[in-house]
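This report refers to the structure that appears directly beneath it.
Number of protein chains: 2
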Amino acid sequence: MIFQDDTDTYEDFESLALRWRGERFGSVGIVQKQFITFNNTLNLRSGQTLEGFTLAYETYGTLNEDRSNAVLICHALSGDSHAAGFYTGEKGEKPGWWDHSIGSGKMFDTDKLFVICSNVISGCQGSTGPSSIAPDGKPYGMRFPFITVSDMVAAQRYLIDYLGIDKLFSVAGGSMGGMQALQWAVDFPERVGSVLFLASTPRASTQNIAFNEIGRQAIYADPNWKFGNYYGGAIPAAGLSVARMVGHITYMSEKSLEEKFGRRTQKGSELSYHFKTDFSVEAYLKHQGERFVERFDPNSYLYITKALDYYDVADGYHSMNEALKRTQCPFLVLTISSDWLYTAAQGIELVNVLRDLQREVEYRHVEASFGHDSFLVEVETMTTIVGGYIDRLLEKQPKKSEGLRLETAEH
Amino acid sequence: MIFQDDTDTYEDFESLALRWRGERFGSVGIVQKQFITFNNTLNLRSGQTLEGFTLAYETYGTLNEDRSNAVLICHALSGDSHAAGFYTGEKGEKPGWWDHSIGSGKMFDTDKLFVICSNVISGCQGSTGPSSIAPDGKPYGMRFPFITVSDMVAAQRYLIDYLGIDKLFSVAGGSMGGMQALQWAVDFPERVGSVLFLASTPRASTQNIAFNEIGRQAIYADPNWKFGNYYGGAIPAAGLSVARMVGHITYMSEKSLEEKFGRRTQKGSELSYHFKTDFSVEAYLKHQGERFVERFDPNSYLYITKALDYYDVADGYHSMNEALKRTQCPFLVLTISSDWLYTAAQGIELVNVLRDLQREVEYRHVEASFGHDSFLVEVETMTTIVGGYIDRLLEKQPKKSEGLRLETAEH
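First to last, the sequence lines map onto chains W and C. Using our numbering, read the first sequence as starting at 678 and increasing by one per residue. Using our numbering, read the second sequence as starting at 678 and increasing by one per residue.
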């Protein structure tokens, strides 16, 4: 249970989980966001192109000599490249979004692994997206080309090339991050050592699309949106806030909402019999919406939710089976019992096709009550399952250093 | 299965169900919306008062001599008094919202029953609400007093008095209608012969509140809302449309969305790779939003969703048990397997308390895949269960005509 009892202080799951985990034990410490600009042309799934692009990224741990210990972490809809550590180390600074799982001795153990995380293209946290300046000197806005998950992955491939990594030890991600991880294994099978697919889906469901469309409609309806031309003026904050509230409900289970908030009123006050924020759950959602507006670009929200809706690993193939035939690596597929955004049935669909194809799949279904966000919140359970899976993969790796010694002996 | 195959024609569940049922067999025929204005003061739960109010209502069938066959039907959030029949009989006219269940030989059999349905106060279909003209000659807007489900019921009581009915044979409703039916049994126990509580809840859940609050935030965010002072000008259509879309998703199950729409695109076209309406489910939801705007007042939406959120049958009592101790009648409680708005667990909570209190309760759990709206859509099943329950109640009634004959014989 990671919620605080103080219902008047609303913080999102991640920061609460962090506090609960106990500060900076095993932290990767001070990190720096890095930027790399590619002058290459990105040929997009839509047929459009992106002429040059920047990726914001961070790395944690050390790349080993044979460059075989790199893990690419892919972030979810609202994530960014800052997966772990601190930028300044000042008191009260919030660490990266998956800090409790990346560091010395943690789920992604930086004593052994070199961890990379980059902001997706079409994002708004340093990688090129609709809020970036186009070649004509003005923000792209809705002129930014249409982006798919496959395009995000194609951009990441340039970063992996730049870092001199031929084959990733693993590509990992929860939610939209899982889609990217899966897409890596289809688009670049020879470069992926394993996929960690957490609380995700091989294709967006009808309900997934429906919820995202409502969020987009809320943004379109905001007169400040102005067809995306709001840069330099008032942003469509109200629309984005409603979109985030819709999204946020889908990240939590009915049970976790009920247990945390029930029908409690704010500060235990009486019902107002007025159009005030009566219930704690209302204040919580409003707070989530307002905080999100401070850090996220509404146009990026439109682009990325469209990428989510378009996501179907079978895209470009005749079937999911045909698409997944391209994969070569082992998979960990993890679903969460209370996740109603990306249900167990969606994960199992992937497992079944992979097993039909004789791929090596470890399927784990986690009993957890927090809904979709459990993959971030249930740190102990996730560390046991995912960390354990990584350890077993590491053990299976050929011991390169021994190999080198043998070679030396043969000289 | 009541959906049409033509995915380009989007109509709501009710009208599709109607078409499927087969036209006007057993129809109550041409009906007229009636209005009754009370000059009484309505003392509201908030402590405020409403000085005089109008109710729009309709009746179907004939009130019997001893006035013992009256059924009050309470409508849901977006419903109105037009539960059955036609206003003009012109070709293509849409009948009342529960037409397939009210009429000769139907679930509510008008050969035996006198059916009453009135628009709730704070509504916008003829009963006094925020769009009505206040004593100062201007629309109430947000000056309209705060309304609870108990207040809706208190207003209906004046109508039942006016119709000269001491005791209702039954009070029935689905969704918010079920809340009203239950509240009747608590507030006026001696006037309720039975309660038919369908796909409803004795108290709004945290998730119920959360979804409603998002709808309200969408309306508040619409600059046309102007704190409710939009009458005579542009209405906050975009906000209300988003609110309806959010609501509509909760009325359908994931499975029914998947089966109906899947990932199909509009008219079977290719994906646009643009910010167009790609998927059929998006077009369906948008259509639902747009149609709703044509017939519903945004301020009424705010008032009624607040009434829903406030709903807790224990309100004013120490517990649900204490509140329900006031009830005297038998209950039919019906839940639907795929209803994730008002879950089976919520209905069962009511059943358990009623059984603890030794009340006569028939609990029926219906396996149906359409989600919350199944109570409107699954006509055959509902007719069997609810119609059958009503028949058994009718059989148990003392035969008044026989009693009269005996009295005559004794003269």
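For glycine and all other residues, C-beta sits at the position ideal for the given N, C-alpha and C.
Residue i, DSSP secondary structure in three states
{"i": "PHE1008 (chain W)", "result": "strand"}
{"i": "ASN796 (chain W)", "result": "coil"}
{"i": "TYR1040 (chain W)", "result": "strand"}
{"i": "THR883 (chain C)", "result": "helix"}
{"i": "ALA958 (chain W)", "result": "The question names Ala, but residue 958 (chain W) is Val in the sequence shown. Note: VAL958 (chain W) maps to helix in three-state DSSP."}
{"i": "ILE824 (chain W)", "result": "coil"}
{"i": "ILE1013 (chain C)", "result": "strand"}
{"i": "LEU845 (chain C)", "result": "strand"}
{"i": "PHE888 (chain C)", "result": "helix"}
{"i": "PHE1047 (chain W)", "result": "coil"}
{"i": "PHE952 (chain C)", "result": "coil"}
{"i": "VAL970 (chain C)", "result": "helix"}
{"i": "GLY945 (chain W)", "result": "helix"}
{"i": "ASP838 (chain C)", "result": "helix"}
{"i": "VAL869 (chain W)", "result": "strand"}
{"i": "GLY766 (chain W)", "result": "coil"}
Any C-beta of chain W under 7 Å from that of residue i
{"i": "TYR817 (chain C)", "result": "no"}
{"i": "ALA887 (chain C)", "result": "yes"}
{"i": "GLU931 (chain C)", "result": "yes"}
{"i": "GLY806 (chain C)", "result": "no"}
{"i": "GLU728 (chain C)", "result": "no"}
{"i": "GLY870 (chain C)", "result": "no"}
{"i": "GLU742 (chain C)", "result": "no"}
{"i": "PHE874 (chain C)", "result": "no"}
{"i": "PHE763 (chain C)", "result": "no"}
{"i": "PHE823 (chain C)", "result": "yes"}
{"i": "LEU934 (chain C)", "result": "yes"}
{"i": "TYR978 (chain C)", "result": "no"}
8 Å contact criterion, which residue i and residue j should meet: CB distance rounded
{"i": "GLY769 (chain W)", "j": "ILE707 (chain W)", "result": "Contact doesn't hold; Cβ gap of about 15 Å is too wide."}
{"i": "ALA876 (chain W)", "j": "ASP1016 (chain W)", "result": "6 Å"}
{"i": "SER799 (chain C)", "j": "PRO807 (chain C)", "result": "7 Å"}
{"i": "SER1046 (chain C)", "j": "SER957 (chain C)", "result": "Contact doesn't hold; Cβ gap of about 18 Å is too wide."}
{"i": "PRO879 (chain W)", "j": "MET997 (chain W)", "result": "6 Å"}
{"i": "LEU754 (chain W)", "j": "SER852 (chain W)", "result": "7 Å"}
{"i": "VAL748 (chain W)", "j": "LEU790 (chain W)", "result": "5 Å"}
{"i": "VAL990 (chain C)", "j": "VAL863 (chain C)", "result": "6 Å"}
{"i": "LEU873 (chain W)", "j": "LEU1009 (chain W)", "result": "5 Å"}
Residue span of the beta strand (DSSP E) that contains residue i, given as start and end
{"i": "ILE713 (chain C)", "result": "711-720"}
{"i": "ALA733 (chain C)", "result": "726-737"}
{"i": "VAL872 (chain W)", "result": "872-875"}
{"i": "HIS777 (chain C)", "result": "Careful: HIS777 (chain C) lies outside any beta strand (DSSP E) and carries neither H nor E."}
{"i": "ALA747 (chain W)", "result": "747-751"}
Residue-chain proximity (residue i, chain C), Cβ-Cβ < 7 Å
{"i": "THR927 (chain W)", "result": "no"}
{"i": "GLN884 (chain W)", "result": "yes"}
{"i": "ILE1025 (chain W)", "result": "no"}
{"i": "GLN1074 (chain W)", "result": "no"}
{"i": "LEU1070 (chain W)", "result": "no"}
{"i": "LEU693 (chain W)", "result": "Summary for LEU693 (chain W): the model assigns pLDDT 47, below 50, so the residue's position carries little reliability; its value from the coordinates is reported in the next sentence. Judged by the 7 Å Cβ criterion, LEU693 (chain W) is not in contact with chain C."}
{"i": "PHE973 (chain W)", "result": "no"}
{"i": "GLY939 (chain W)", "result": "yes"}
Limits of the alpha helix (DSSP H) - the one that residue i falls within
{"i": "GLY855 (chain C)", "result": "853-864"}
{"i": "LYS1073 (chain W)", "result": "1065-1073"}
{"i": "GLU975 (chain W)", "result": "Here residue 975 (chain W) turns out to be Pro, not Glu, going by the sequence shown. PRO975 (chain W) -> alpha helix (DSSP H) spans 975-987."}
{"i": "VAL636 (chain W)", "result": "Limits of chain W in this structure are 678 at one end and 1088 at the other, which puts residue 636 (chain W) out of reach."}
{"i": "THR1058 (chain C)", "result": "1056-1059"}
{"i": "GLY1024 (chain C)", "result": "1021-1033"}
{"i": "LEU1001 (chain W)", "result": "997-1001"}
{"i": "LYS932 (chain C)", "result": "931-937"}
Closer than 7 Å to chain A by CB, residue i
{"i": "LEU859 (chain W)", "result": "Of the chains in the structure shown, none is chain A; the protein chains are W and C."}
What residues from the region 988-1020 of chain W come within 8 Å of chain C, judged by C-beta to C-beta, listed N to C? Contacts with chain C (Cβ-Cβ distance below 8 Å) from the region 988-1020 of chain W involve ASP989, TRP1017 and THR1020, listed in chain order.
Against chain C, which members of the region 949-971 of chain W pass a CB distance test of less than 9 Å? SER949, TYR950, HIS951, PHE952, THR954, ASP955, PHE956, SER957, VAL958, GLU959, TYR961, LEU962, LYS963 and GLY966
Name the residues in the region 891-904 of chain W whose C-beta lies less than 7 Å from a C-beta of chain C; which are they? ILE891, GLN894, ALA895, ALA898, ASP899 and PRO900
Could you run through the region 703-726 of chain W and flag, in chain order, every residue whose CB is less than 9 Å away from some CB of chain C? LEU721, ARG722, SER723, GLY724 and GLN725
Taking a cut of 8 Å between CB atoms, which residues from the region 913-925 of chain W lie near chain C? ALA915, GLY916, SER918, VAL919, MET922 and VAL923
Check distances from the C-beta atoms of the region 1029-1042 of chain W to those of chain C and list, in chain order, the residues that come in under 7 Å. none
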